[in-house]
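The sequence shown runs 509 to 932 under the working numbering. Quick reminder that beta carbons are idealized off the backbone N, C-alpha and C, glycines included.
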Amino acid sequence: MRRLFIQFYLLLMSCFLVAVILVGVVYKQAVDDVGERYLADLLRTTLSLIEADLRGVPEDRWSETLANSDYGFTFRVKVEKMSNYILDDDSRKALDRGEIVMLEDKYLFLQKLQDSNYLLVAGPLRYLFFLHRLKWFDYALLGLLGLSLAIPVFLWMRPHWRDLVALEKASGRLANGDLSARVDLPPHSGVQHLGIAFNHMADNIAALLNSKRTLTNAVAHELRTPLARLRYRLALLEGDEDTPERQAIERDLNAIDKLVEELLFHAKLDRPEAPLNPTSFNALPWARERIAGQAALAQEIHWIEPSGDALAITADEHLITRALDNLLSNARRHAHSVVATHVLIDKQQYCLIVDDDGPGIPEQDRDRVFDPFVRLDESRGRKTGGHGLGLAIVAGIARAHRGSIKVETSPMGGARFELRWPMA
């Protein structure tokens, strides 16, 4: 709220200052012109009368004459040499023309006595001093008005900000998989229409995901029955010989069975309410055991195991095992000759890394590769096996642990998959 308040307040204050300055400049110019002309006209008559009284008096007695005269003025009038004042050329020319010159910084009015180098000096005038003090009062009042704008801005923004925070929290819950997240804004809220639109969107998303899960579960379960029938009928075929055709049918049935299992597992991960069962276990012997299972399927590949004796990690062991198996299986299918696995703790996070020396993944496909049923062209295509759900399952396991999965270029030139999740 602080940033939004400051931005809005500064914008309002800038517009206010621009308007006040423009109006103030025009007003000040008009008032100053009128005030100066009024004072000059008033003092011109007064100083002319004094000048007339001094015409028959010698110059050396002008000051004495003025001191003995009682004009009843509220300001002093004296005679001084012109050289006592530092005047610019315009002021000197104005004095030579018989005009009155105002020294604003000293609150004085000057008029030159004819045929002399002396000046009649009137002042300091209290009115000019008052105008000077009024100027600083105007500045202080302007600052106070600017600060006072913060109060209505805050009062106006506070309910909007409260409603926006409620929307932000509901959006965060929805983004984290809580499909029940809704926002309840009061009828008088200025963003009520936004809350209604958010709730409608959340309803549609929840309905869409529930429909997707229902369809996936239904299809997967329905496929199991005909699969079982096919296996039974294959077993009843005459003859016990293991023909190539029979082997091909067995492989296809096993592939479909694995696809069904992966569909059900992926659908399970899509449920935000699916509970985790975190336990603490030694990750190094666990990782070596999973690597040994993959090495038995690809003995031509050099498998680099994580070094060390003990490293305790906390996670749902069943899910993390499935994630590591999928990453190792993916590396096995695409590596040329080497697969390396690392388990470590970095920046208060558990980190599981699998590197291979295969063709790697193009940068433009590195986000898309974690989508379900996505197959990349050529080297990572259908010919390498799999159903396109392995990495999507890994991404689902990462989300379930409030972690992340990313793919980069490995030091060996292939793909590096890095799975991270927080320690607490």
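DSSP three-state assignment for Ser918, whether helix, strand or coil: coil
Neighbour-count burial assignment, Gln755, 16 or more Cβ in a 10 Å radius: exposed
Where Ile713 falls: helix, strand or coil (DSSP): helix
Paired residues, beta bridge with His850 - DSSP: Ile861
Neighbourhood of Ser571 by C-beta distance below 8 Å, restricted to the same chain and skipping five residues each side: Lys586, Val587
Span of the beta strand (DSSP E) around Val673: Counting along the chain, Val673 falls outside any beta strand (DSSP E), though it belongs to the alpha helix (DSSP H) covering 658 to 683.
Residues near Asp875 by beta carbon distance below 8 Å, same chain, minus five either side: none
Simplified DSSP state of Tyr647, which is helix, strand or coil: helix
Burial state of Thr849 (16 or more Cβ within 10 Å): buried
Cβ contact (3+ pairs, closer than 8 Å) linking the segment 657 to 674 and the segment 691 to 704: yes
Collapsed DSSP secondary structure at Pro793 in the structure displayed: helix
The beta strand (DSSP E) enclosing Thr751, as first and last residue numbers: Here Thr751 belongs to no beta strand (DSSP E), and DSSP marks it neither H nor E.
Given Leu672 as reference, the closest of Leu702, Arg910, Gly651 once Cα atoms are compared: Leu702
Neighbourhood of Ser624 by C-beta distance below 8 Å, restricted to the same chain and skipping five residues each side: Glu567
Inter-residue Cα distance where the pair is Val882 and Gly896: 5 Å
Stretch pair the segment 860 to 872 + the segment 919 to 928: three plus CB contacts closer than 8 Å: yes
Contact set for Leu728: own chain, Cβ-Cβ below 6 Å, skip 5 residues either direction: Here the sequence assigns Ala to residue 728, which means Leu is not the residue at that position. Same-chain partners within the cutoff: Val768, Leu771, Leu772.
CA-to-CA distance, Leu761 to Ile869, given in whole angstroms: 30 Å
Contact check, Asn834 vs Ala775, beta carbons under 9 Å: no
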